[in-house]
Structure formats: C-alpha cells, structure tokens
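Each residue of the sequence shown is one higher than the one before, starting from 1 at the first, in UniProt numbering.
The C-beta atom is built at its ideal place from N, Cα and C for all residues, glycine as well.
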Amino acid sequence: MEEEIKPIRQHQRRLNLTILDVVKKEVTKLLATGTIYPISDSQWVSLVQIVLKKFGMTVTKNQQDELNTWRVYIDYRRLNQATRKDHFPLPFIDQVLEKLSGKPHYCFLDGFSGYMQIHIAPKDQHKTTFTSPFGTFAYTWMPFGLCNAPSVF
Numbered sequence: 001m002e003e004e005i006k007p008i009r010q011h012q013r014r015l016n017l018t019i020l021d022v023v024k025k026e027v028t029k030l031l032a033t034g035t036i037y038p039i040s041d042s043q044w045v046s047l048v049q050i051v052l053k054k055f056g057m058t059v060t061k062n063q064q065d066e067l068n069t070w071r072v073y074i075d076y077r078r079l080n081q082a083t084r085k086d087h088f089p090l091p092f093i094d095q096v097l098e099k100l101s102g103k104p105h106y107c108f109l110d111g112f113s114g115y116m117q118i119h120i121a122p123k124d125q126h127k128t129t130f131t132s133p134f135g136t137f138a139y140t141w142m143p144f145g146l147c148n149a150p151s152v153f
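Put into structure tokens, the structure is as follows:
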C-alpha cells in the first residue's frame with residue numbers, strides 16, 4: 001500500500017429490482033461458503049458492480065422472458081490505484097509450450113473459482129471491503145479485480 005494515499009470509502013449505489021435480487025443471491029452464497037464476512041469498521045470500502053456476461057451460473061429472466069446471465073464483481077479501481085504493484089514476470093505461453101514439447105505426460109489444472117483459492121492475510125482482509133444494500137462485507141479469499149491477484153495466483 002502506498003503510504004501517502006488516504007483510504008477511500010465509496011457509497012453504495014441504487015440498484016434495480018432484478019439486479020438487487022442477483023446481488024442478494026451472490027452475497028448469500030458467499031456468506032454461506034465463508035468467502036465473505038460482515039464488517040463494520042473498514043477504512044476502505046468499494047462498490048458492487050453487475051455486468052451482463054455471455055455464459056454463467058447466475059441466470060435470471062428479463063422482461064421479455066429471455067435468460068440473462070450476470071457477473072457480480074467489486075470495483076477495486078480506487079484500491080488498486082493505492083496499491084504498490086508486484087513485479088513478478090509471468091512466463092510467455094509459447095516458452096511454456098516449447099518446454100513441454102515432446103514430453104510423454106501432461107497435467108491440466110483448472111483453477112475452479114480462480115483467485116478464490118488464495119487466502120488473504122487477516123490484517124489485509126479489511127481492504128477488500130465492499131458495500132451492498134444487504135450490508136458491508138470483506139473477503140477472506142482473494143476476489144477477482146485486485147491488481148496483484150494474477151502475480152500471486
């Protein structure tokens with residue numbers, strides 16, 4: 001974290017009823033799995049954002065009775081601006097494939113839920129705080145959207 005940056009608390013925005021229901025389902029699911037927990041005293045608070053995606057798990061019907069899929073994510077742009085970036089070089093895919101050529105066995109790993117496999121240190125969990133109409137919560141596992149998540153993953 002950059003020293004001269006002041007913490008930023010963003011206020012929640014209004015959500016329409018369809019999106020409100022999607023956020024409620026996502027928050028309920030994350031609470032049930034222990035991925036997030038209620039928090040009330042964080043200096044960093046980010047916003048919940050919802051976007052349409054082509055394929056996904058959360059499916060709702062719109063007014064025309066068509067199925068929509070939504071991605072719920074947290075807008076960490078302000079937190080990312082204040083974060084000191086990790087500078088770990090990621091390998092180029094062609095270099096990795098070159099090293100694998102001619103090998104008799106391959107192993108494919110699928111990162112189910114992506115970054116949510118990486119535990120966040122308790123002293124840093126408050127920085128992942130987000131606000132929703134259903135409360136203010138922080139992550140215990142690395143959420144999508146943090147600038148240093150790819151290099152840690």
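| Asked | Found |
| --- | --- |
| Proximity of Ile8 and Val45 at Cβ, strictly below 9 Å | yes |
| Helix, strand or coil at Ile19 according to DSSP, with G and I counted as helix | helix |
| Cβ pair Leu52, Arg13 closer than 9 Å | no |
| Span of the beta strand (DSSP E) around Ala138 | Gly135 to Tyr139 |
| Contacting residues, own chain, Cβ-Cβ under 6 Å from Ile36 (five flanking each side not counted) | Leu30, Phe137 and Tyr139 |
| Distance between Ile93 and Ser40 (C-alpha atoms, nearest Å) | 43 Å |
| For Lys25 and Phe134, believed in contact at Cβ under 8 Å, the rounded distance | Not really, about 10 Å apart at Cβ, beyond 8 Å. |
| Short CB-CB distance (under 9 Å) between Tyr73 and chain C | No chain C is present in this structure, which holds just one protein chain. |
| Rounded straight-line distance, which links the Cα of Val22 to that of Trp70 | 8 Å |
| Gln49 - DSSP class collapsed to helix/strand/coil | strand |
| Three-way DSSP call (helix, strand, coil) for Pro93 in this model | Here the sequence assigns Ile to residue 93, which means Pro is not the residue at that position. Correct three-state label for Ile93: helix. |
| For Ser132: DSSP bridge partner residues | Gly135 |
| Contact belief for Pro143 with Ile74 at Cβ below 8 Å, rounded distance in angstroms | 6 Å |
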